[in-house]
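In the numbering used here, the protein residues as written are 249 to 388.
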Ligand code: IDP
Ligand code: MG
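So, in structure tokens, the structure goes:
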């Protein structure tokens with residue numbers, strides 16, 4: 249069983265029509281998409297998902313942004329998925345993101361940064377379970 253990570257194509261990127269282009273990057277980086285759905289986060293869902301950041305000065309703005317329109321949530325599978333996806337998306341701030349990363353190419357700023365990626369295997373598992381039930385995930 250290969251490693252998994254959790255990704256979001258955030259409302260800025262969905263709104264700008266980048267979903268297909270970001271899918272291309274995912275597939276070119278050899279991830280298998282094992283779960284995918286389009287949803288519009290409620291404040292309750294966004295606050296719970298980002299609860300680790302609840303004391304941060306940007307928390308309220310982040311919730312406003314994440315609930316501003318539809319997002320695409322994804323479960324991705326690949327060897328070393330968490331680190332590999334973080335490498336594919338680049339730094340949180342697109343100004344600091346490496347060349348050819350998703351955030352470098354599609355993000356607007358440090359908040360509206362196009363995509364999410366889990367930061368550990370433990371969080372990847374929690375985040376996938378937060379958005380998907382087992383029957384919505386491919387297993388192999
Ligand atoms: P990550 O998404 O690269 O893991 P985190 O530090 O976990 O970055 O922050 C979660 C999200 O909160 C970021 O992706 C971004 O949308 C937003 N964010 C992080 N830092 C800032 C900031 O300094 N100002 C505004 N928004 C931020
Ligand atoms: Mg994070």
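Even for Gly, the Cβ is constructed at its ideal location relative to N, Cα and C.
key: Neighbourhood of residue 288 by C-beta, 8 Å cutoff - its chain only, sequence neighbours within 5 removed   = 315, 317, 318 and 319
inquiry  = Quick check: residue 379 and residue 270, are their CB atoms within less than 8 Å of each other?
reply    = no
query = Just reading off the beta strand (DSSP E) that residue 254 is part of, what are its end residues?
reply = 252 to 257
ask   = residue 280 lies in the beta strand (DSSP E); which residues open and close that run?
value = 280 to 287
ask   = Along the chain, where does the beta strand (DSSP E) that runs through residue 323 open and close?
value = 319 to 325
key: Three-state secondary structure (DSSP) of residue 365   = strand
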